[in-house]
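**Student:**
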Amino acid sequence: MNVGDHYSEEIVFSFEKLKQFCELIEDFNPIHTDWEYTSNTEFGKPIVHGMYAASLFSKVLGSTFPGPGTINIERRLKFLRPILIDEKYRMDFVIDHIDNELNLVKIGCKLVNVSTGKASICCDTLVKCIQN
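For the sequence shown, my numbering assigns the number 219 to the initial residue and increments by one for each residue that follows.
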């Protein structure tokens, strides 16, 4: 693992998975769950809960990049644009800093709409890499 190493993964957010997330956290805001309500908004359809999308960064950090044994220490999120269901997004990760003595790694993360090239979420994440 080196500064500048990067990883990307594509994802499409389905309405079914969005509903499951909303049920899990008991957030029933109609902007996420109600087609009729959102048909009269600027989005025209339900939008993905920002914390659902941001939680998928953890999936990558803990299983793929950097990988198993990685735990979150700090995460600073910026929600820039709505995340639309049934559109393709790309999660981008880049290692910005490594503290080998403390096993800490600072990673920049983005969620980018593939069709527009615009970021919906940007974040800085500090993780600890637990070694066996």
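Quick reminder that beta carbons are idealized off the backbone N, C-alpha and C, glycines included.
For the region 241–292, which segments carrying the alpha helix (DSSP H) assignment without a break, of at least 4 residues, lie completely within its bounds, in sequence order?
**Tutor:** With a minimum length of 4 residues, the continuous alpha helix (DSSP H) runs that stay inside the region 241–292 are 248–251, 253–257, 268–281.
**Student:** Counting only the same chain and skipping the five closest in sequence on each side, list residues whose C-beta sits under 8 angstroms from that of residue 282.
**Tutor:** 225, 227
**Student:** So, using beta-carbon positions, are residue 330 and residue 337 closer together than 9 angstroms?
**Tutor:** yes
**Student:** May I have the straight-line CA-CA distance separating residue 263 from residue 277, to the nearest angstrom?
**Tutor:** A straight-line Cα-Cα distance of about 26 angstroms links residue 263 and residue 277.
**Student:** Run through the DSSP bridge pairs and tell me what residue 297 is partnered with.
**Tutor:** 339
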